[in-house]
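Colleague: So that we are looking at the same thing, I have put the structure below in structure tokens.
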Amino acid sequence: MFKNVSYKTQRKFIIALFLAIPLTLLFVFTYLPAINMISYSFTNWKGYGAKTFIGFENYINIFSDPEVFSVLKNSLYYFVGGLIQLGLAFVFAVIINSKIKGKDFFKSLFFFPYLINGVAISLMFLFFFQPNGTLDTVLNMLGLDSIIRQWLGDAQYVNFSLAFTSIWRFFGYNFIIFLGALQSISDEVLEAADLDGAGDWHKIRYIYIPSVKRIIQLNLILNISGAISVFEIPYIMTGGSNGSSTFVIETIKTAFTYNKVGKASAMAVVVMIIVAAVALIQNIFFKEEKEYAK
């Protein structure tokens, strides 16, 4: 078959052949649904029956309804929680990367929560925060019953409780990523730093942080997109009640409770645009920073 075909042509054909299946799956399960979602956003559709084209009416309704975007403020709790999570993951990665005993035990201990299903974690913390639950019991044992609150029933505390749950769940993932980056640092570099009299803080500032800089940048993008699109934890633990609803929960309710699939699709498109815009801005910023460093 390839007898009279050049090696360059054969190579291109083989590469195209290997790429055909993943690109087909990517188009069918990612791009095609996204295209359909965008087309639904311009219609008045209940999820069944005929679709009526209404142009930008769904988008006008979204941006003219302050209640739709009011839930986005709850994303700030998860964004700040994500920043705290990144800081803790980096600190513990630095500690575990040092010469201490039981490294493998602590690595498994910190990473294990990430392996647990998100639904199971949400149910665990639902019992943890409920009245007379695990947290209240521990506080009573310590004589701190005066600070007991309605952790999930009070709008003043519910988002803090949910953000804490999110920190606990995803801490292990970032910890392992940071630890892998730190372990890739050459021993010669660290030995040279020791010979130059560099202390722990200088190592962190001039060796460790630059080594994980790209990971921090990536995690910042994921943190912002995750904060905007958070769904699983608040939906299972509170159902979005007591001021804990998120933009995605409101989108799901719009689609399946109020049967406004067209409007829900428009809301999903808005989230997609926000996340894409944030990622683009960060990429431009980091690209300029990289060029400036050169």
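Counting the sequence shown from 1 gives a position; my numbering is that position plus 3.
Each residue gets a CB set at the ideal place from its N, CA and C atoms; glycine is no exception.
Just so you know, these numbers come straight off a predicted model, no measurement behind them.
Does the stretch 222-241 come into contact with the stretch 101-119, if we say contact requires no fewer than three beta-carbon pairs (one atom in each stretch) closer than 8 Å?
Modeller: no
Colleague: Rounding to the nearest angstrom, what Cα-Cα distance links Asp139 and Phe132 in this structure?
Modeller: What you label residue 139 is simply residue 136 of the sequence shown in a count that begins at 1. What you label residue 132 is simply residue 129 of the sequence shown in a count that begins at 1. Cα to Cα, Asp139 sits roughly 8 Å from Phe132.
Colleague: I want to know whether the stretch 152-169 touches the stretch 67-83 - three or more CB-CB distances under 8 Å.
Modeller: The stretch 152-169 vs the stretch 67-83: in contact.
Colleague: Measuring CB to CB, does Tyr261 end up less than 9 Å from Phe173?
Modeller: The count along the sequence shown starts at 1 and reaches residue 261 at position 258. The count along the sequence shown starts at 1 and reaches residue 173 at position 170. The answer is no: Cβ separation not under 9 Å.
Colleague: Are the CB atoms of Ile188 and Tyr160 within a distance shorter than 9 Å?
Modeller: On the sequence shown, position 157 is the one that residue 160 refers to. On the sequence shown, position 185 is the one that residue 188 refers to. Contact: no.
Colleague: Between Ile219 and Leu91, is the Cβ-Cβ spacing less than 9 Å?
Modeller: To locate residue 219, count along the sequence shown from 1; it is residue 216. To locate residue 91, count along the sequence shown from 1; it is residue 88. Not closer than 9 Å, so no.
Colleague: With the cut-off set at 9 Å, would you say Leu185 and Val97 are in Cβ contact?
Modeller: Numbered from 1 along the sequence shown, position 182 holds the residue referred to as residue 185. Numbered from 1 along the sequence shown, position 94 holds the residue referred to as residue 97. Cβ atoms of Leu185 and Val97: closer than 9 Å.
Colleague: Which partner residues does Asn47 have in the DSSP bridge list?
Modeller: Mapped onto the sequence shown, residue 47 falls at position 44. In DSSP, Asn47 forms a bridge with Thr55.
Colleague: If you pair each beta-carbon of the stretch 198-208 with each one of the stretch 141-149, do three or more pairs fall below 8 Å?
Modeller: Taking a cut-off of 8 Å on C-beta distances, the stretch 198-208 does not touch the stretch 141-149, as fewer than three cross pairs fall below it.
Colleague: Drop a sphere of 10 angstroms on the beta-carbon of Tyr43, count the other beta-carbons inside from all chains shown, and report buried for 16 or more, exposed for fewer.
Modeller: As a working note, residue 43 is residue 40 in the sequence shown. By the neighbour-count rule (16 or more Cβ atoms within 10 Å), Tyr43 is buried.
Colleague: With DSSP as the reference, label Leu221 as helix, strand or coil.
Modeller: What you label residue 221 is simply residue 218 of the sequence shown in a count that begins at 1. Three-state result, Leu221: helix.
Colleague: Near Ala282, what residues of its chain come up, given a Cβ to Cβ distance below 6 Å and the 5 sequence neighbours on each side ignored?
Modeller: Position 279 of the sequence shown holds residue 282. Same-chain partners within the cutoff: Ile224.
Colleague: Within the continuous alpha helix (DSSP H) that includes Ala147, where are the two ends?
Modeller: For the purposes of this step, residue 147 is taken as the residue at position 144 of the sequence shown. Before going further, note that residue 147 is Leu rather than Ala in the sequence given. Premise fails: Leu147 is in no alpha helix (DSSP H) and is neither H nor E.
Colleague: Measure the beta-carbon distance from Thr257 to Val74 and round it to whole angstroms, keeping in mind my assumption that it falls under 8 Å.
Modeller: Residue numbering aside, residue 257 sits at position 254 when the sequence shown is read from its first letter. Residue numbering aside, residue 74 sits at position 71 when the sequence shown is read from its first letter. About 12 Å separates the two Cβ atoms, so there is no contact after all.
Colleague: Phe59 and Thr46 look like a contact to me (Cβ under 8 Å); what is the Cβ gap, rounded to whole Å?
Modeller: Counting from one through the sequence shown, the residue named residue 59 turns up at place 56. Counting from one through the sequence shown, the residue named residue 46 turns up at place 43. Beta-carbon to beta-carbon, Phe59 and Thr46 are separated by about 11 Å, too far to satisfy the 8 Å threshold.
Colleague: In whole angstroms, what is the alpha-carbon distance linking Thr241 and Trp48?
Modeller: What you label residue 241 is simply residue 238 of the sequence shown in a count that begins at 1. What you label residue 48 is simply residue 45 of the sequence shown in a count that begins at 1. Roughly 28 Å between the two C-alpha positions.
Colleague: Going by DSSP in three states, Ile2 sits in which element: helix, strand or coil?
Modeller: Summary: the structure shown does not reach residue 2, with the chain confined to residues 4 through 297, and so no result is reported for it.
Colleague: Once DSSP output is grouped into helix, strand and coil, what is the label at Thr260?
Modeller: Against the sequence shown, residue 260 aligns to sequence position 257. Thr260 falls in the coil class under three-state DSSP.
Colleague: Per DSSP, what kind of secondary structure is Phe95 in: helix, strand or coil?
Modeller: The sequence position of residue 95 within the sequence shown is 92, counting from 1. Helix at Phe95.
Colleague: Answer with buried or exposed for Phe30, where buried requires no fewer than 16 other C-beta atoms within 10 angstroms of its C-beta.
Modeller: The residue labelled residue 30 in the question sits at position 27 within the sequence shown. Exposed, by the Cβ-count rule.
Colleague: So what's Phe128 in DSSP terms, helix, strand or just coil?
Modeller: In the sequence shown, the residue the question calls residue 128 occupies position 125. If DSSP states are grouped into helix, strand and coil, Phe128 belongs with the helices.
Colleague: For Ala269, collect the residues of the same chain with a Cβ closer than 7 Å to its Cβ; drop the 5 residues on either side in sequence, then sort them by chain order.
Modeller: In the sequence shown, counting from the first residue as 1, residue 269 sits at position 266. Cβ contact annotation for Ala269 (same chain, cutoff 7 Å, sequence separation greater than five): Ser44, Asn61, Tyr62 and Ile65, in chain order.
Colleague: In whole angstroms, what is the alpha-carbon distance linking Asn77 and Gly202?
Modeller: Numbered from 1 along the sequence shown, position 74 holds the residue referred to as residue 77. Numbered from 1 along the sequence shown, position 199 holds the residue referred to as residue 202. A direct Cα-Cα distance of roughly 40 Å separates Asn77 from Gly202.
Colleague: Rounded to the nearest angstrom, how far is the Cβ of Glu235 from that of Gly121, given a contact under 8 Å?
Modeller: Looking up residue 235 in the sequence shown gives position 232. Looking up residue 121 in the sequence shown gives position 118. Confirmed, about 5 Å.
Colleague: Give me the Cβ distance between Glu253 and Val71, rounded to the nearest whole Å; I'm assuming they're in contact under 8 Å.
Modeller: To locate residue 253, count along the sequence shown from 1; it is residue 250. To locate residue 71, count along the sequence shown from 1; it is residue 68. That pair is a contact at about 7 Å.
Colleague: Starting from Gln153, trace the alpha helix (DSSP H) both ways and give me its first and last residue.
Modeller: The residue labelled residue 153 in the question sits at position 150 within the sequence shown. Element bounds for Gln153: n/a, residue is neither H nor E.
Colleague: If you draw a straight line from the C-alpha of Leu193 to the C-alpha of Gly175, how long is it?
Modeller: By 1-based counting over the sequence shown, the position of residue 193 is 190. By 1-based counting over the sequence shown, the position of residue 175 is 172. Roughly 25 Å between the two C-alpha positions.
Colleague: Considering Gln186, what are the terminal residues of the alpha helix (DSSP H) in which it resides?
Modeller: By one-based count along the sequence shown, residue 186 stands at place 183. Note, Gln186: alpha helix (DSSP H), Val161 to Gln186.
Colleague: Distance, Cα to Cα, Arg152 vs Gly136?
Modeller: In the sequence shown, residue 152 corresponds to position 149, counting from 1. In the sequence shown, residue 136 corresponds to position 133, counting from 1. Taking the straight line joining both Cα atoms gives about 11 Å.
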